[in-house]
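*Asks:*
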Amino acid sequence: MNYRQISVVETMLWLVAAVIAAFVAIGVTLLMAIVGAMMLLARMATEAVRSIFETLFGGRVIQKQRSREQGVRPTVIEGQVLRRNY
Numbered sequence: 000m001n002y003r004q005i006s007v008v009e010t011m012l013w014l015v016a017a018v019i020a021a022f023v024a025i026g027v028t029l030l031m032a033i034v035g036a037m038m039l040l041a042r043m044a045t046e047a048v049r050s051i052f053e054t055l056f057g058g059r060v061i062q063k064q065r066s067r068e069q070g071v072r073p074t075v076i077e078g079q080v081l082r083r084n085y
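Residue 0 is where the sequence shown starts when you use numbering that gives the first Met the number 0, and the numbers rise one by one after that.
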């Protein structure tokens with residue numbers, strides 16, 4: 000097999016392409032980390048606001064909202080559904 004000598008220009012092009020690919024990979028990784036951190040901060044802020052709201056207003060509205068998140072659980076007596084807790 001005959002391999003030809005790679006020119007300096009081709010070497011520089013490959014080097015530039017590798018540097019660009021490295022920067023893109025680092026940028027994508029940082030972007031994913033930033034998005035994950037923002038989602039975590041949003042969740043923490045939501046929980047903090049919910050906690051403050053429960054402290055100030057007694058938490059009745061929040062408890063109804065949480066029961067909806069957990070799913071509707073029917074009240075059952077002797078095998079019959081009497082009412083649903085909404």
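The C-beta atom is built at its ideal place from N, Cα and C for all residues, glycine as well.
1) With DSSP run on the structure shown, which of helix, strand or coil describes Gly26?
2) DSSP state of Ser50, grouped into three classes?
3) Following a CB-centred definition, is Ala41 positioned closer than 7 Å to any heavy atom of the ligand SAH?
*Replies:* Reading it off the structure:
1) Here residue 26 corresponds to residue number 27 of the sequence shown, with the count starting at 1. If DSSP states are grouped into helix, strand and coil, Gly26 belongs with the helices.
2) For the purposes of this step, residue 50 is identified with residue 51 of the sequence shown, where counting begins at 1. Helix.
3) Questions concerning the ligand SAH fall outside what the structure shown contains, since it holds no ligand whatsoever.
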